[in-house]
Amino acid sequence: MGDQYGEGGRLLRDLRRMPAQDREIAIAALRWIAADPAPDGLAKRAAGFPRAPGVIEAIYDRFLILYMLDAGGVLFLRVIERVEL
115 MGDQYGEGGR
125 LLRDLRRMPA
135 QDREIAIAAL
145 RWIAADPAPD
155 GLAKRAAGFP
165 RAPGVIEAIY
175 DRFLILYMLD
185 AGGVLFLRVI
195 ERVEL
């Protein structure tokens, strides 16, 4: 299903574009997900339309992290900064 960092390393590009303080928060979010990746229905839940089936979205601080679970474990796809409206 791809490498741990998603299609073509898109996750790594997301992280490299962040300021250092935001990057530390995002990395803490990835560790939090890796420790217990199963959806809990609150902060980690199945993503709805228009995301692909099987994608899980997690909300951590001001970030939305998209990932999938496969036989190899967690496949991180994106880290996106949430914008509160």
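So for the sequence shown, my numbering puts the first residue at 115; every next one is plus one. Cβ coordinates follow ideal geometry from the N, Cα and C atoms, glycine included.
So, helix, strand or coil for residue i, using DSSP?
i: A160; result: strand
i: A172; result: strand
i: D128; result: helix
i: D150; result: coil
i: G120; result: For G120, the predicted structure reports a pLDDT of 49, less than 50, and the residue's modelled location is therefore unreliable. The matter cannot be settled from this model.
i: R145; result: helix
i: R196; result: coil
i: A185; result: coil
One question on the structure: do residue i and residue j come within less than 9 Å of each other, judged by their Cβ atoms?
i: G168; j: L144; result: no
i: L180; j: A152; result: no
i: L178; j: V193; result: yes
i: Y174; j: A157; result: yes
For residue i, collect the residues of the same chain with a Cβ closer than 7 Å to its Cβ; drop the 5 residues on either side in sequence, then sort them by chain order.
i: R137; result: L129
i: W146; result: Y174
Quick one: is residue i buried, meaning 16 or more other Cβ sit within 10 Å of its Cβ, or exposed?
i: A134; result: exposed
i: F163; result: exposed
Roughly how many whole angstroms lie between the Cα atoms of residue i and residue j?
i: R131; j: I141; result: 13 Å
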